[in-house]
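Asks:
In the working numbering, the protein residues as written are 15 to 228.
Written as structure tokens, this is what we have:
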């Protein structure tokens, strides 16, 4: 009995601030573990590391006679909330046309959607794709260096119609534009209508895309 009373007395004598610090530490540990597990699960669910996905060489020299304008590859927003971005359009010659555009938005996700919308117009106007449906992307989700694009079903149908060569140019243009303007994004993952892309597409979207040398 005396020993049990001594143990109870020792428990009562623990200072309150020690208990607070202990609980705070446990909560922080749980949060860090949760974020780490979420990142690991997302990476495994959507195709693993960037090195496993298709890659393309970043050819930045514009074609002769292309409407090359000054642009900010960093895509940093100004004090007024205006972001200057560079749109990259692969035209099939091994080079990329560069265009300057300005976006106005308060959220990075909205800027990404707006940037891809402008890129869609540029791809069609340059003859890379005969036509592309809008909206091209339904939702955007970013987790660290990984960017997830939920593409529309009509866009998947248009990829099938245009064939492998044009489809690859369209996807390469999208990925290059996103990686150049929205650091620290290093890998782009694709969904079609909220589901994993099928393997019957003319271009492989089942694995993440990145740029060689990054």
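A virtual CB, placed ideally from N, CA and C, is assigned to each residue, including glycine.
Keep in mind that this is a model prediction, so the values were computed, not measured.
Quick one: Cα of residue 42 to Cα of residue 222, how far?
Replies: 31 Å
Asks: If you draw a straight line from the C-alpha of residue 36 to the C-alpha of residue 183, how long is it?
Replies: Taking the straight line joining both Cα atoms gives about 55 Å.
Asks: Alpha carbon to alpha carbon, how far is residue 134 from residue 102?
Replies: 11 Å
Asks: Pick from 168, 163, 156: whose alpha carbon is nearest that of residue 145?
Replies: Selected option, being the one with the closest Cα: 168.
Asks: When burial is assigned at 16 or more other CB atoms within 10 Å of the CB, is residue 31 buried or exposed?
Replies: exposed
Asks: Between the alpha carbons of residue 199 and residue 127, how many angstroms are there, rounded?
Replies: 15 Å
Asks: Report the rounded CA-to-CA distance for residue 180 versus residue 143, giving the unit in angstroms.
Replies: 7 Å
Asks: Taking DSSP as the reference, what is the three-state secondary structure of residue 169?
Replies: In this structure, residue 169 counts as helix in the three-state DSSP scheme.
Asks: For residue 138, which three-state DSSP category applies?
Replies: Secondary structure of residue 138 (DSSP, three-state): helix.
Asks: Out of 190, 137, 225, 173, which one is the CA nearest neighbour of residue 212?
Replies: If you compare the alpha carbons of 190, 137, 225, 173 with that of residue 212, the shortest gap goes to 173.
Asks: Name the one or two DSSP bridge partners that residue 126 has.
Replies: Answer by DSSP bridge pairing: none, since residue 126 is not bridged.
Asks: What residue range does the beta strand (DSSP E) around residue 157 cover?
Replies: 151-157
Asks: Can you tell me the Cβ-Cβ gap for residue 164 and residue 151, rounded? I've got them flagged as a contact below 8 Å.
Replies: Right, the Cβ-Cβ distance comes to about 7 Å (below 8 Å), so this counts as a contact.
Asks: Quick check: is any heavy atom of the ligand SAM less than 8 Å from the C-beta of residue 214?
Replies: For the ligand SAM, the structure offers nothing, since it holds no ligand at all.
Asks: Between residue 139 and the rest of its own chain, which residues show a CB-CB distance below 6 Å, the 5 nearest in sequence each way excluded?
Replies: So no residue of the chain qualifies.
Asks: Can you find the residues in the same chain that come closer than 6 Å, C-beta to C-beta, to residue 219, ignoring five residues on each side of it along the sequence?
Replies: In its chain, beyond the 5 residues on either side, 204, 211 have a beta carbon closer than 6 Å to the beta carbon of residue 219.
Asks: Can you pull the DSSP bridge partners for residue 43?
Replies: For residue 43, which the question treats as bridged, DSSP gives no partner whatsoever.
Asks: Determine, using beta carbons only, whether residue 202 and residue 193 come nearer to each other than 9 Å.
Replies: yes
Asks: Between which two residues does the beta strand (DSSP E) carrying residue 201 extend?
Replies: 201-206
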